[in-house]
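A.B. asks: A single structure is presented below for examination.
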Amino acid sequence: MQINQKQQEERSKKDAEIEMLRKQLDEANEQLRMESESKKMWMDSAREAQEKVTTEAARIKALEDELRTLKEKLELMQLKLLDNDIEIRQLYETCIDLKGRIRLCVRIRPLIGNECITFQYIDIVNDNTVQIMHVSIIARNKELVLRSSLQLGWKSGSLTKRSKAVQCECEHLWLDDASQSDVFESSALYGSNVAIIAYGQTGSGKTYTMRGGDGDSAGIIPRALAMLFDSSAKLQLAGWVVEISLSILEIYVGKCYDLLDEHERRPFTLHFANNNPDFRELTSLAITTVDEALTGIARSDMLRSWARTDTSEYSSRGHTIVRIQINSYLPQQNKCLSSCISLVDLAGSERVKESGVSGERLEETKYINKSLSQLGVVLRAELAQGNHVPYTSDPLTKALSESLGAGSSKTMLIANIRPDSAATYESYRTIEFANQQFILSASSQTKLGISYFISYRPCWSKRIGAGDIAEVNGDCSERWMRIPLWM
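In the UniProt record's numbering, the protein residues as written are 1 to 487.
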């Protein structure tokens, strides 16, 4: 009995062990099943991922092929664009040669403040004709004829008569319905080395012509900068790398001053070598936006020489030159090009007697008149195509020598005129200055177009005024830039 009981206990114990092993086996089988399912799931995921990789690789290859094709098309289009650009510039260069590389225009501003007319020396005959001291300016199909069988001269402060016929050609006659935008857009040009110069007596509106006001009244400088940066953006799309820098100098009583120095109005030496000015001592500010440039120009205004005279409450006593340097690089052709735009606000011409100046102001006035006279000498020498042009005789002409009509450069002189009777003599001198340039050009191979822009507005601001501006000029050539400065 004891043996059977003992065997039974051992059997029960073995049965319990077997049951436990069965449970462990079942658990192991379940775990194996789950791991098998998990393995299958991961294998399915890996297979799907591989299929996606294969699909994406094929799509990437197709995109790369498309991108390569587009790049090839872009390169062809850029080459065609360059070819077309060269052809346009060659045609434009021919057009500019016909019009003249040194050109003038005349702008008459409205009355401002307490100005008055005691005798009428400027008459609006009709929409197309304006008469200044019996000199008629007539616009006919973009050709303007200035005729005078009775042109007035000056002798001992009184008018004398002399017979002299004058004929000038121009492109436009702007009356009071023309906005600054209309005038500027009509003269949008390609450019190489370009000088745009505002000339005239004190208070005739030179600074307004160049600088203008805000919005629609903006002048040449802000509009030129806006078009320059717009052109730069377009050129960069065509593969050009364009760098633009700004320098501002003032020529005061025969000395040059840097108006962009960080701390002061710093004098510097303007060197001259190989018939070109050397501005290495002048501050050059890299600019990437119009606002940066206008900020620099506003800063320079704080350092300009201003003074009150009997003829103007705010008279600039120095010639201010805003120099915009454009350097460009075309990697496809390994070509580096350079060009410069000089935007010049000249000090006002005036007679010592009428300006009522003495001492320091007198010395300023004497130099201003002397330098303006020398500018006329240089312009006439350029037009006469002589062997020697006296650039170095004055810092003003030395600074502008690379843009005063030499080589492929272009010069636009804007002669500004006051309409009030007190300014009659200076207005006549301004017109006579313009006529001298034309008369000489008529006998030279270089043809000069004298453009008269006449503008009357009902009111101006008291200090500077408002009205229309004259045209901007420029061109392009092999020597300088083959890119548009104005577009």
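A virtual CB, placed ideally from N, CA and C, is assigned to each residue, including glycine.
Measure from the alpha carbon of Phe-279 to the alpha carbon of each residue in Pro-267, Val-290, Pro-390 and Asn-334, then state which is nearest.
C.D. replies: The residue labelled residue 279 in the question sits at position 279 within the sequence shown. Checked all of Pro-267, Val-290, Pro-390 and Asn-334; the closest Cα to Phe-279 is Pro-267.
A.B. asks: In its own chain, which residues sit with a C-beta less than 7 Å from the C-beta of Glu-281, not counting the 5 before and 5 after it?
C.D. replies: Locating residue 281 in the sequence shown gives position 281, where the first residue counts as 1. Excluding sequence neighbours, Glu-281 sits near Phe-268 and Thr-269.
A.B. asks: Tell me the rounded alpha-carbon separation between Thr-430 and Asn-274.
C.D. replies: Counted from its first residue, the sequence shown places residue 430 at position 430. Counted from its first residue, the sequence shown places residue 274 at position 274. In a straight line, the C-alpha of Thr-430 is about 33 Å away from that of Asn-274.
A.B. asks: Can you give me the C-alpha to C-alpha distance between Arg-380 and Leu-404, rounded to a whole angstrom?
C.D. replies: Residue mapping note: residue 380 aligns to position 380 of the sequence shown, counting from 1. Residue mapping note: residue 404 aligns to position 404 of the sequence shown, counting from 1. Rounded to whole angstroms, Arg-380 to Leu-404 spans 10 Å at the Cα level.
A.B. asks: Express the C-alpha separation of Met-412 and residue 490 in angstroms, rounding to a whole number.
C.D. replies: Any property of residue 490 remains undetermined from this structure, which presents the chain solely from 1 to 487.
A.B. asks: Look at the Cβ atom of Ser-245, then the Cβ atom of Ile-196, and state whether they are nearer than 8 Å.
C.D. replies: Numbered from 1 along the sequence shown, position 245 holds the residue referred to as residue 245. Numbered from 1 along the sequence shown, position 196 holds the residue referred to as residue 196. The answer is no: Cβ separation not under 8 Å.
A.B. asks: Among Glu-292, Ser-232 and Arg-299, whose alpha-carbon lies nearest the alpha-carbon of Asp-258?
C.D. replies: Along the sequence shown, one-based indexing puts residue 258 at 258. Ranking Glu-292, Ser-232 and Arg-299 by Cα distance to Asp-258 puts Arg-299 first.
A.B. asks: What does DSSP give as the partner residues of Ile-287 in its beta bridges?
C.D. replies: Position 287 of the sequence shown, counted from the start, is the residue given in the question as residue 287. DSSP lists Ile-244 as partners of Ile-287.
A.B. asks: Look at the alpha carbon of Pro-395 and the alpha carbon of Leu-343, and state the distance between them as a whole number of angstroms.
C.D. replies: Sequence index remark: in the sequence shown, residue 395 carries index 395 (1-based). Sequence index remark: in the sequence shown, residue 343 carries index 343 (1-based). Each residue's Cα considered, the two are about 16 Å apart.
A.B. asks: Within this structure, are the beta carbons of Gly-348 and Gly-203 separated by less than 8 Å?
C.D. replies: Numbered from its first residue, the sequence shown carries residue 348 at position 348. Numbered from its first residue, the sequence shown carries residue 203 at position 203. In this structure, Gly-203 lies closer than 8 Å to Gly-348 by Cβ.
A.B. asks: What is the DSSP secondary structure of Ser-342, reduced to helix, strand or coil?
C.D. replies: Locating residue 342 in the sequence shown gives position 342, counting from the first residue. DSSP places Ser-342 in strand when its eight states are reduced to three.
A.B. asks: Report the rounded CA-to-CA distance for Ala-415 versus Phe-433, giving the unit in angstroms.
C.D. replies: Here residue 415 corresponds to residue number 415 of the sequence shown, with the count starting at 1. Here residue 433 corresponds to residue number 433 of the sequence shown, with the count starting at 1. Their backbone Cα atoms lie some 9 Å apart in a straight line.
A.B. asks: Buried or exposed: Thr-54, going by 16 or more other Cβ atoms within 10 Å of its Cβ?
C.D. replies: Counting from 1 along the sequence shown, the entry for residue 54 is found at position 54. With fewer than 16 other Cβ atoms within 10 Å, it is exposed.
A.B. asks: Beta carbon of Val-378, beta carbon of Tyr-391: below 8 Å?
C.D. replies: Numbered from its first residue, the sequence shown carries residue 378 at position 378. Numbered from its first residue, the sequence shown carries residue 391 at position 391. Yes, these two residues count as a Cβ contact at 8 Å.
A.B. asks: Whose CA, out of Arg-304, Ser-427, Asn-29 and Gly-386, lies closest to the CA of Ile-321?
C.D. replies: Taking the sequence shown and counting its residues from 1, the one referred to as residue 321 is at position 321. Residue Arg-304 is the option with its Cα nearest to Ile-321.
A.B. asks: Secondary structure at Leu-63, three-state DSSP: helix, strand or coil?
C.D. replies: Stepping through the sequence shown from its first residue, residue 63 is reached at position 63. Looking at Leu-63 - three-state DSSP - the assignment turns out to be helix.
A.B. asks: Thinking Ile-251 and Ala-399 are a contact (beta carbons under 8 Å), I'd like their distance in whole angstroms, please.
C.D. replies: The residue you call residue 251 lines up with position 251 of the sequence shown. The residue you call residue 399 lines up with position 399 of the sequence shown. That pair is a contact at about 7 Å.
A.B. asks: Going by the DSSP bridge assignment, what does Asn-327 pair with across the sheet?
C.D. replies: As a working note, residue 327 is residue 327 in the sequence shown. Beta-bridge pairing links Asn-327 to Glu-243 and Ser-338.
A.B. asks: Just verifying my parser: in three-state terms, what is the DSSP assignment at Ala-238?
C.D. replies: Here residue 238 refers to the residue found at position 238 of the sequence shown. It is coil, neither helix nor strand.
A.B. asks: Can you tell me whether Asp-420 is buried or exposed, with buried defined as 16 or more other CB within 10 angstroms of its CB?
C.D. replies: Within the sequence shown, residue 420 is the residue found at index 420, counting from 1. Classification for Asp-420: buried.
A.B. asks: For Thr-289 and Lys-410, I'd like the C-alpha separation in whole angstroms.
C.D. replies: Working through the sequence shown from its first residue, we reach residue 289 at position 289. Working through the sequence shown from its first residue, we reach residue 410 at position 410. The straight-line gap from Cα to Cα measures roughly 25 Å.
A.B. asks: Mapping DSSP to helix, strand and coil, what is Leu-413?
C.D. replies: In the sequence shown, the residue the question calls residue 413 occupies position 413. Three-state DSSP puts Leu-413 in a strand.
A.B. asks: Short check: CB of Gln-106 to CB of Ile-326, under 8 Å?
C.D. replies: Start at 1 with the first residue of the sequence shown, and residue 106 comes out as number 106. Start at 1 with the first residue of the sequence shown, and residue 326 comes out as number 326. Here the sequence assigns Val to residue 106, which means Gln is not the residue at that position. No, the Cβ-Cβ distance between Val-106 and Ile-326 is not below 8 Å.
A.B. asks: From Arg-47 to Glu-64, what distance separates their C-alpha atoms?
C.D. replies: Looking up residue 47 in the sequence shown gives position 47. Looking up residue 64 in the sequence shown gives position 64. Spanning the two alpha carbons is a distance of roughly 25 Å.
A.B. asks: Does DSSP classify Gln-374 as helix, strand or coil?
C.D. replies: Counting from 1 along the sequence shown, the entry for residue 374 is found at position 374. The answer is helix: DSSP assigns Gln-374 an H, G or I state.
A.B. asks: When you compare each of His-388, Leu-362 and Glu-350 to Ser-373 by their alpha carbons, which one comes out closest?
C.D. replies: Within the sequence shown, the letter at position 373 stands for residue 373. For Ser-373, the nearest C-alpha among the options comes from Glu-350.
A.B. asks: Do the CB positions of Gln-385 and Gly-239 come within less than 8 Å of each other?
C.D. replies: Along the sequence shown, one-based indexing puts residue 385 at 385. Along the sequence shown, one-based indexing puts residue 239 at 239. It is not a contact, given that the beta carbons lie outside the stated cut-off.
A.B. asks: Tell me where the alpha helix (DSSP H) around Ala-399 begins and ends.
C.D. replies: Sequence index remark: in the sequence shown, residue 399 carries index 399 (1-based). Where Ala-399 is concerned, the enclosing alpha helix (DSSP H) stretches over 395-399.
A.B. asks: Taking C-alpha atoms, which residue in Arg-109, Cys-340 and Arg-265 lies nearest to Ala-224?
C.D. replies: Within the sequence shown, numbered from 1, the residue matching residue 224 stands at position 224. The shortest C-alpha separation from Ala-224 is found at Cys-340.
A.B. asks: Assign Gly-359 to one of two classes, buried (16 or more other C-beta atoms within 10 Å of its C-beta) or exposed (fewer than that).
C.D. replies: For the purposes of this step, residue 359 is taken as residue 359 along the sequence shown, with counting starting at 1. Counting Cβ neighbours within 10 Å, Gly-359 comes out exposed, since fewer than 16 surround it.
A.B. asks: Out of curiosity, what's the CA-to-CA distance linking Ala-49 and Trp-42?
C.D. replies: Your numbering for residue 49 matches position 49 in the sequence shown. Your numbering for residue 42 matches position 42 in the sequence shown. The alpha-carbon atoms of Ala-49 and Trp-42 are separated by roughly 10 Å.
A.B. asks: Does the beta carbon of Lys-370 come closer than 8 Å to any beta carbon on chain B?
C.D. replies: Judged by its chain identifiers, the structure shown contains no chain B, having just a single protein chain.
A.B. asks: Just curious, the beta strand (DSSP E) that Tyr-257 is in, first and last residue?
C.D. replies: Numbered from its first residue, the sequence shown carries residue 257 at position 257. Here the beta strand (DSSP E) through Tyr-257 covers 255-258.
A.B. asks: DSSP on Asp-214, reduced to helix/strand/coil?
C.D. replies: Along the sequence shown, one-based indexing puts residue 214 at 214. Here Asp-214 sits in coil by DSSP.
A.B. asks: Quick one: what's His-271 bridged to in DSSP?
C.D. replies: As a first step, residue 271 is located in the sequence shown; it is residue number 271 there, counting from the start. Partner(s): Asp-278.
A.B. asks: Please report how far the alpha carbon of Ser-401 lies from the alpha carbon of Tyr-199, in whole angstroms.
C.D. replies: Residue mapping note: residue 401 aligns to position 401 of the sequence shown, counting from 1. Residue mapping note: residue 199 aligns to position 199 of the sequence shown, counting from 1. Going by the C-alpha atoms only, they are around 17 Å apart.
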